[in-house]
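Student: Okay, here's the structure, questions in a sec.
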Amino acid sequence: MELQHTIRKAVACRGVGLHTGTPVAMTLHRAPADHGVPFPLPPSGVEVPVRPESLLNGHYATTIGTEGTQVQTVEHLLAAVRALGIDNVLVELDAAELPAMDGSAAPFVSLLYAAGREGQPAARRPLWVTDVIRVGDEARWLQISPAAELRISYTLDIDHPVVGVQVVSIAPTEERFVDELASARTYGFLKDLELLRQQGLALGGSLESAVVLGSESVLNGALRFRDEFVRHKILDVIGDLALLGHPVIGHVMARNGGHALNHMLVREIARRARPAHDGVARAVSHAVTRSEGGARHPSSLGGVAAL
Ligand SMILES: [Zn+2]
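Structure (structure tokens):
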């Protein structure tokens, strides 16, 4: 049995929101077992929980909200929190978007390591995928299938001289996340920037917070990995899957996805998830399906069982 974890002490950082351009201070606090990752937002203090029902928008970032309040660009922090095995942490902000930092999850990894980790007297309850779930179309899709561990295999295929076809398959253990994914930065195309700003997006974007691509080359220095772009796409998947509120066990395969598709997959996994059942794993979904539908069709059960 794996225990849930929180952080050992509160830690803080400040920065600027990538899309809103608003200065923001963020403090991470300890949280009790089974509390998840709530965002109490000013001025009301209403807590936005990290759950599929909180997903609002996948337009260039992940926005979550509840009761008329929302917070933007949660995915890079959530990726670091999940990959470092932290289940419960309260995220206090004084604005409605997380700090962009350098456009990657590496600054959040450093912050979480500074906070330390502490086990809690409650079991972690991963979601085990028990059948293939697929979203998207021929050109852009994600699917998750049963596996013994979380693995993400991603193909990014963009007709651009610096990007091209990039393929990475990785089981994101803490060590591999920190070494091979966390520092991969978000990216954008200069030609899209004006349009994004007309839509009120990328107002805080700068050469310090994203890889900026011109028509032929990167406009702001060296890449951190030759295939930094696909590594960042995997980082985004990890952050968006964290919206399930539990670790998920399965093999994600993806081609040219994005936040909107990630959110569709999260909703579909959540829709098929079965309630936790005192440590009874995959059999849970079978038992529940039998009681729901009469005839039993194991090959089409489709879904997820909570441990
Ligand atoms: Zn991202």
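In terms of the numbering used here, the sequence shown is residues 30 to 336. For each residue, glycine too, the CB sits at the ideal point set by N, CA and C. For clarity, every value in this text was computed on a predicted model and none was experimentally measured.
Please indicate yes or no: does the CB of residue 215 lie closer than 8 angstroms to some heavy atom of ligand 1?
Tutor: Residue 215 Cβ: within cutoff of ligand 1.
Student: Hey, how far is the Cα of residue 281 from the Cα of residue 261?
Tutor: Rounded to the nearest angstrom, the two C-alpha atoms are 15 angstroms apart.
Student: Looking at the unbroken alpha helix (DSSP H) that takes in residue 297, where does it start and where does it end?
Tutor: Per DSSP, residue 297 belongs to the alpha helix (DSSP H) from 288-301.
Student: Residue 79 and residue 40: beta carbons closer than 9 angstroms?
Tutor: Not closer than 9 angstroms, so no.
Student: State buried or exposed for residue 73, treating a residue as buried only when at least 16 other CB atoms are found within 10 Å of its CB.
Tutor: It is exposed - the Cβ of residue 73 has fewer than 16 other Cβ atoms within 10 Å.
Student: Would you mind stating whether residue 48 and residue 118 have Cβ atoms separated by less than 9 angstroms?
Tutor: Contact flag unset, no.
Student: Identify every residue that forms a DSSP beta bridge with residue 76.
Tutor: Residue 76 pairs with 69.
Student: With distances taken Cα to Cα, identify the nearest neighbour of residue 124 among 46, 224, 141 and 85.
Tutor: Selected option, being the one with the closest Cα: 46.
Student: Do you know how far the Cα of residue 82 is from the Cα of residue 97?
Tutor: So the alpha carbons of these two residues sit roughly 14 angstroms apart.
Student: For residue 22 and residue 258, I'd like the C-alpha separation in whole angstroms.
Tutor: What the structure shows of the chain is the stretch from 30 to 336, and residue 22 is not part of that stretch, so it cannot be assessed.
Student: State yes or no: is the C-beta of residue 199 within less than 9 angstroms of the C-beta of residue 115?
Tutor: Their beta carbons are not under 9 angstroms apart, which means residue 199 does not touch residue 115 by this criterion.
Student: Going by DSSP in three states, residue 133 sits in which element: helix, strand or coil?
Tutor: Residue 133: coil per DSSP, three-state reduction.
Student: Would you be able to state if there are at least three C-beta pairs under 8 angstroms between the region 241-255 and the region 207-220?
Tutor: Yes, the region 207-220 is in contact with the region 241-255.
Student: According to DSSP, is residue 320 part of a helix, a strand, or is it coil?
Tutor: Interpretation of residue 320 is limited by its pLDDT of 31, a score under 50 that renders its predicted location unreliable; the figure taken from the coordinates is listed afterwards. Here residue 320 sits in helix by DSSP.
Student: Note down, one range per segment and in chain order, each beta strand (DSSP E) of at least 3 residues found wholly within the region 190-217.
Tutor: The region 190-217 contains these whole beta strand (DSSP E) runs: 193-199.
Student: Can you check which of these residues, 154, 180 and 204, is closest to residue 64 by C-alpha distance?
Tutor: Closest option to residue 64, Cα to Cα, is 154.
Student: Measuring alpha carbon to alpha carbon, tell me which residue in 228, 287, 237 and 213 is nearest residue 256.
Tutor: Here the closest residue by C-alpha is 213.
Student: How long is the line joining the alpha carbons of residue 122 and residue 66, rounded to whole angstroms?
Tutor: Roughly 13 angstroms separates the two Cα atoms.
Student: Residue 127 and residue 36 - do their beta-carbons sit closer together than 9 angstroms?
Tutor: Not in contact: residue 36 and residue 127 (Cβ atoms no closer than 9 angstroms).
Student: For residue 211 versus residue 144, is the C-beta distance shorter than 9 angstroms?
Tutor: No, Cβ-Cβ distance for residue 211 and residue 144 is not below 9 angstroms.
Student: In angstroms, rounded to a whole number, what distance separates the CA positions of residue 32 and residue 132?
Tutor: Computed Cα separation, rounded: 31 angstroms.
Student: What residue range does the beta strand (DSSP E) around residue 147 cover?
Tutor: Taken as a continuous stretch (DSSP letters only), the beta strand (DSSP E) holding residue 147 covers 146-152.
Student: For residue 94, which residues of its own chain have a beta-carbon under 8 angstroms away from its beta-carbon, when the five flanking residues on both sides are left out?
Tutor: 77, 83, 85 and 100.
Student: Taking the alpha-carbon positions, what's the residue 235 to residue 265 distance?
Tutor: About 19 angstroms.
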